[in-house]
Amino acid sequence: MSGIAAKLQQNRARAAGVGTNAHAVKFLSQDYEALKRECLESGRLFQDDTFEASVSALGFKELGPNSSKVRGVEWLRPKQLTSSPTFISGGATRTDICQGALGDCWLLAAIASLTLNQDVFARVVPSGQSFDGDYAGIFHFQFWQCGEWVDVVIDDRLPSRNRELLFVHSAEGSEFWSALLEKAYAKLNGCYEALSGGSTTEGFEDFTGGIAEVHELSKAGPNLFKVIQKALSWGSLLGCSIDVRNFIFTSAITSQKLVKGHAYSVTAAEEVEDRGNLTKLIRIRNPWGQVEWTGAWSDGSSEWRQISDSDREKLSCKAEDGEFWMSFSDFLRHYSRVEICNLTPDALSDDSINKWALSKFDGNWRKGSTAGGCRNYPNSFWMNPQFLIKMEEQDDDPTDNEVGCSFVVGLIQKNRRKMRKVGEDMHTIGFAIYDVSSLTPNVHLDRNFFQRNASAARSESFINLREVCSRFCLPPGEYLIVPSTFEPNKDGDFCVRVFSEKQDAEISAFELLNVLNKVIAKRKDIQTDGFSLDTCRNMVNLLDKDGSGKLGMVEFKILWTKIEMYLVCFHACFHPGIIVIICTVWFRSRLTVKKYCNIAVRLLFVRIRTSNQSRQKIPPRTLHPTRLSLLYNVRLLWCCLRQTDIGGQS
3 MSGIAAKLQQ
13 NRARAAGVGT
23 NAHAVKFLSQ
33 DYEALKRECL
43 ESGRLFQDDT
53 FEASVSALGF
63 KELGPNSSKV
73 RGVEWLRPKQ
83 LTSSPTFISG
93 GATRTDICQG
103 ALGDCWLLAA
113 IASLTLNQDV
123 FARVVPSGQS
133 FDGDYAGIFH
143 FQFWQCGEWV
153 DVVIDDRLPS
163 RNRELLFVHS
173 AEGSEFWSAL
183 LEKAYAKLNG
193 CYEALSGGST
203 TEGFEDFTGG
213 IAEVHELSKA
223 GPNLFKVIQK
233 ALSWGSLLGC
243 SIDVRNFIFT
253 SAITSQKLVK
263 GHAYSVTAAE
273 EVEDRGNLTK
283 LIRIRNPWGQ
293 VEWTGAWSDG
303 SSEWRQISDS
313 DREKLSCKAE
323 DGEFWMSFSD
333 FLRHYSRVEI
343 CNLTPDALSD
353 DSINKWALSK
363 FDGNWRKGST
373 AGGCRNYPNS
383 FWMNPQFLIK
393 MEEQDDDPTD
403 NEVGCSFVVG
413 LIQKNRRKMR
423 KVGEDMHTIG
433 FAIYDVSSLT
443 PNVHLDRNFF
453 QRNASAARSE
463 SFINLREVCS
473 RFCLPPGEYL
483 IVPSTFEPNK
493 DGDFCVRVFS
503 EKQDAEISAF
513 ELLNVLNKVI
523 AKRKDIQTDG
533 FSLDTCRNMV
543 NLLDKDGSGK
553 LGMVEFKILW
563 TKIEMYLVCF
573 HACFHPGIIV
583 IICTVWFRSR
593 LTVKKYCNIA
603 VRLLFVRIRT
613 SNQSRQKIPP
623 RTLHPTRLSL
633 LYNVRLLWCC
643 LRQTDIGGQS
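Residue numbers (the working numbering): 3 to 652.
(1) Out of Arg-307, Glu-273, Ser-243 and Phe-209, point me to the one whose CA is closest to Asp-153's CA.
(2) Are Leu-182 and Ala-188 close, meaning C-beta to C-beta below 7 Å?
(3) Could you check the C-alpha separation between Thr-296 and Phe-330 for me, to the nearest Å?
(4) Per DSSP, Trp-77 forms a beta bridge with which residues?
(5) Could you pull the start and end residues of the beta strand (DSSP E) that Ala-55 belongs to?
(6) Following the continuous beta strand (DSSP E) through Arg-1, name the residue where it begins and the one where it ends.
(7) Below 7 Å between beta carbons: does that hold for Gly-374 and Asn-366?
(8) Kindly identify the DSSP beta-bridge partner or partners of Ala-458.
(9) Pick out whichever of Phe-133, Lys-63, Pro-67 and Val-424 has its Cα sitting closest to the Cα of Ser-85.
(10) Can you tell me whether DSSP reads Ile-509 as helix, strand or coil?
(11) On the DSSP bridge list, what partners appear for Cys-407?
(12) Pick helix, strand or coil for His-217, following the three-state DSSP scheme.
(13) At which residues does the alpha helix (DSSP H) containing Asp-311 begin and terminate?
(14) Restricting to Cα atoms, I'd like to know which of Trp-290, Val-293, Thr-281 and Gln-292 is closest to Trp-299.
(15) Tell me the DSSP secondary structure of Lys-259 in three-state form.
(16) Would you call Gly-135 buried or exposed, if buried means 16 or more other Cβ atoms sit within 10 Å of its Cβ?
(17) Between which two residues does the beta strand (DSSP E) carrying Val-274 extend?
(18) Closest to Ala-112 by C-alpha separation, out of Ile-286, Gly-223, Cys-471 and Arg-79, would be which residue?
(19) On a CA-only basis, which of Arg-307, Ile-391, Gly-139 and Lys-423 is nearest Val-438? Give me that one, please.
(20) Measuring CA to CA, which of Leu-78, Trp-77 and Gly-61 is closest to Ser-70?
(21) To which residues of the same chain is Ala-1 closer than 6 Å at the C-beta, ignoring the five residues directly before and after it?
(22) State the Cα-Cα distance for the pair Phe-363 and Asp-158, rounded to the nearest angstrom.
(23) Give the secondary structure of Ile-391 by DSSP, where H, G and I count as helix, E and B as strand, and everything else as coil.
(24) Taking 8 Å as the limit between beta carbons, can you name the residues of its chain near Ala-233, skipping five residues before and five after?
(25) Under the three-state reduction of DSSP, which class applies to Tyr-481: helix, strand or coil?
(26) With distance defined between alpha-carbon atoms, name the residue in Ile-483, Ser-201 and Phe-533 nearest to Gly-105.
(27) For Val-75, I'd like the list of residues in its chain whose CB is within less than 8 Å of its CB, leaving aside the five on either flank, ordered along the chain.
(28) Any idea if Val-268 is buried or exposed, counting beta-carbon neighbours within 10 angstroms, 16 or more meaning buried?
(29) Could you check what DSSP says for Gln-32 in three-state terms: helix, strand or coil?
(30) Cβ atoms of Cys-100 and Ala-173: under 7 Å apart, would you say?
(31) Between Arg-46, Gln-308, Asn-225 and Gly-291, which has its C-alpha nearest Glu-275's C-alpha?
(32) Helix, strand or coil: how does DSSP classify Tyr-436 here?
(33) When we look at the beta-carbon of His-446 and count the other beta-carbons within 10 Å, is it buried (16 or more) or exposed?
(34) For Ala-195 versus Glu-64, is the C-beta distance shorter than 7 Å?
(35) For Asn-344, report the span of its beta strand (DSSP E) as first-last.
This is how it looks when you write it as structure tokens:
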């Protein structure tokens, strides 16, 4: 299958909804409904042979076959652990999540935040699952993976020791949605041990498809509290953590019971009147379900007696549930960073919320070809993939003191966690952004450009996390994003996402190709390999008046109007299944009859056929080169509007 055909097939699938949360891709081709039906008909409980209940599912080193930590581990179903297991009891809450022997507090903090937004929670944890009725020992969960949602099927055999769950568990021990969710995520990443160590933002993004930002609290701006309040009201997921400065004590607990090197969830931010003054408070949860802050505004502290009964009731706190309040000033003093995951438009149901414009680019680094390393390697840096973005309109937020175009860039390396089993881990990655407004568009820049030009912006650092993400505000213009590993010759796949406040108002030939092929992909009655990039370049060149290599909104509207005009003319004169060469004089006469304006087209070569007719070709020699100035592939759009089934290539 050609590259264009493969891309078109992918577009068809996406147009049909495949990869969306409502129609997730079946991970390892496992169909939850079909497998469950098969188990119910056969009267047996599901056993997942793609993620077996064995030591291989636990890990490879610390939890590997030779580790003492896996001795005595039994894989038991919830009904073997308790007489009355429930999937979700009384609604999913933050207290359903208590950490076990696995170092995945980053993931559990993200899961705890997930329970605060029931709409988002329902996207990850499909409804209708239980241990009653049609129980068959099979469950499923959905996760976002670099641009598409995947549906992961598991059985309910869970690792335990002495009849207690080894990893995540609920406080009362009879609720199992969180343990099963952790197992599904472990399967997605290869094993449980692959989940050890990570950033809360990684979990945030896999649960939402959103883009995560990190705010260093040592550099907190004056409006950070408002940013946190707004993010919570928008349904964003938030986490926070304290840096470990002495790596000997990787989980040291401070004198006021805060855990260093540990991931917490931020669950609320409120202001209360305290002796005539407004005090900013923030609510935080420890996924352990215990070990809480003991300073001001902690559970039972004297500060609670100084506020009104209504405020105290509204901010109700329980002892030793792992959740606590603290003043925002103490939060800034003790914590190192807060992480905010902004949700994508498809995850937001409120139309009044401002929504990001999203652009996504996929690419790869290959040794000796496109893996050039960072700017420290000037002889190879230019070999890295390059992606062009255009920022046209300045922000219109009156409360924002920055003048320019705001956007967030996230660079994600794909599938690195699951490669830990074979000794691989996260690459150290980052990116640089260059102003190319004065250069020829759509040209891969060479070594000379990067040796002579400094970057306009760059990621804050190169780091070995799954994603590097930064927010920027730059003047309107065209910019080139160059993602790279720190060292050259590192193989890997990645995707770059750009979340901008303003939508790009111009369309390139490549973007036009995607738009037109998406139109075709939505038509099941059309059989075609789609538009080619050359065809789209010709269409852009015809109407590109400012020489930018792109079409503005007005120019695109003119192009679309012309295409519709051609279709109407053809529809009035021809029937599907004919092959015709149209000369300029004849075409002009037909346009005149139809009362259309004359256009700068010398020749249109159109080949159309229905699916039940034989394929024919017109030899190129029948087209005199001096009369051929433009070759339009309008047959596709014509048939889109005329409901005609066509095929073949021109």
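In this text, a Cβ means the ideal position worked out from N, Cα and C, and glycines have one as well.
According to the structure data:
(1) Numbered from 1 along the sequence shown, position 151 holds the residue referred to as residue 153. With distances taken between Cα atoms, Asp-153 lies closest to Phe-209.
(2) For the purposes of this step, residue 182 is identified with residue 180 of the sequence shown, where counting begins at 1. For the purposes of this step, residue 188 is identified with residue 186 of the sequence shown, where counting begins at 1. Their beta carbons are not under 7 Å apart, which means Leu-182 does not touch Ala-188 by this criterion.
(3) Locating residue 296 in the sequence shown gives position 294, counting from the first residue. Locating residue 330 in the sequence shown gives position 328, counting from the first residue. Distance between the alpha carbons of Thr-296 and Phe-330: 15 Å.
(4) Counting from one through the sequence shown, the residue named residue 77 turns up at place 75. The partner list for Trp-77 (beta bridge, DSSP) reads Pro-161.
(5) Numbered from its first residue, the sequence shown carries residue 55 at position 53. For Ala-55, there is no enclosing beta strand (DSSP E), as DSSP marks it with neither H nor E.
(6) Past the edges of the chain, shown from 3 to 652, lies residue 1, and the structure says nothing about it.
(7) Reading the sequence shown from its first residue, position 372 is the one you call residue 374. Reading the sequence shown from its first residue, position 364 is the one you call residue 366. No, the Cβ-Cβ distance between Gly-374 and Asn-366 is not below 7 Å.
(8) Numbered from 1 along the sequence shown, position 456 holds the residue referred to as residue 458. Ala-458 is not bridged to any residue.
(9) Along the sequence shown, one-based indexing puts residue 85 at 83. Residue Phe-133 is the option with its Cα nearest to Ser-85.
(10) Looking up residue 509 in the sequence shown gives position 507. Correct three-state label for Ile-509: strand.
(11) As a working note, residue 407 is residue 405 in the sequence shown. Note: Cys-407 sits in a beta bridge opposite Leu-476.
(12) Mapped onto the sequence shown, residue 217 falls at position 215. Three-state result, His-217: strand.
(13) Position 309 of the sequence shown holds residue 311. Where Asp-311 is concerned, the enclosing alpha helix (DSSP H) stretches over 311 to 316.
(14) Here residue 299 corresponds to residue number 297 of the sequence shown, with the count starting at 1. Looking at the Cα atoms, Thr-281 is the closest of the given residues.
(15) Taking the sequence shown and counting its residues from 1, one reaches residue 259 at position 257. Correct three-state label for Lys-259: coil.
(16) Sequence index remark: in the sequence shown, residue 135 carries index 133 (1-based). Exposed is the label assigned to Gly-135, since fewer than 16 other Cβ atoms lie within 10 Å of its Cβ.
(17) In the sequence shown, the residue the question calls residue 274 occupies position 272. Segment 265 to 276, the beta strand (DSSP E) holding Val-274.
(18) Translated into positions along the sequence shown, residue 112 becomes position 110. The shortest Cα separation from Ala-112 among Ile-286, Gly-223, Cys-471 and Arg-79 belongs to Ile-286.
(19) Position 436 of the sequence shown, counting from 1, holds the residue named residue 438. Closest by alpha carbon: Ile-391.
(20) Indexing the sequence shown from 1 puts residue 70 at position 68. Considering only alpha carbons, the answer is Gly-61.
(21) With the chain covering 3 to 652 only, the question about residue 1 has no answer from this structure.
(22) Against the sequence shown, residue 363 aligns to sequence position 361. Against the sequence shown, residue 158 aligns to sequence position 156. Approximately 37 Å between the Cα atoms of the pair.
(23) If you number the sequence shown from 1, residue 391 lands on position 389. Strand at Ile-391.
(24) Walking along the sequence shown from the start, residue 233 turns up at place 231. Cβ within range, chain order: Leu-240, Ile-342 and Asn-344.
(25) On the sequence shown, position 479 is the one that residue 481 refers to. In the three-state scheme derived from DSSP, where H, G and I count as helix and E and B as strand, Tyr-481 is classed as strand.
(26) On the sequence shown, residue 105 is found 103 positions in, with the first residue counted as 1. Checked all of Ile-483, Ser-201 and Phe-533; the closest Cα to Gly-105 is Ser-201.
(27) As a first step, residue 75 must be located in the sequence shown, where it is residue number 73. Val-57, Leu-60, Pro-161, Ser-162, Arg-163 and Leu-168.
(28) For the purposes of this step, residue 268 is taken as the residue at position 266 of the sequence shown. It counts as buried.
(29) Sequence index remark: in the sequence shown, residue 32 carries index 30 (1-based). Three-state result, Gln-32: coil.
(30) Looking up residue 173 in the sequence shown gives position 171. Looking up residue 100 in the sequence shown gives position 98. It is a contact, given that the beta carbons lie within the stated cut-off.
(31) Numbered from 1 along the sequence shown, position 273 holds the residue referred to as residue 275. Of Arg-46, Gln-308, Asn-225 and Gly-291, the residue nearest in Cα terms is Gln-308.
(32) Counting from one through the sequence shown, the residue named residue 436 turns up at place 434. Note: Tyr-436 maps to strand in three-state DSSP.
(33) Within the sequence shown, numbered from 1, the residue matching residue 446 stands at position 444. Result: exposed.
(34) Residue mapping note: residue 195 aligns to position 193 of the sequence shown, counting from 1. Residue mapping note: residue 64 aligns to position 62 of the sequence shown, counting from 1. Here the sequence assigns Glu to residue 195, which means Ala is not the residue at that position. For Glu-195 and Glu-64, yes; Cβs fall inside 7 Å.
(35) For the purposes of this step, residue 344 is taken as the residue at position 342 of the sequence shown. Residues 339 to 344.
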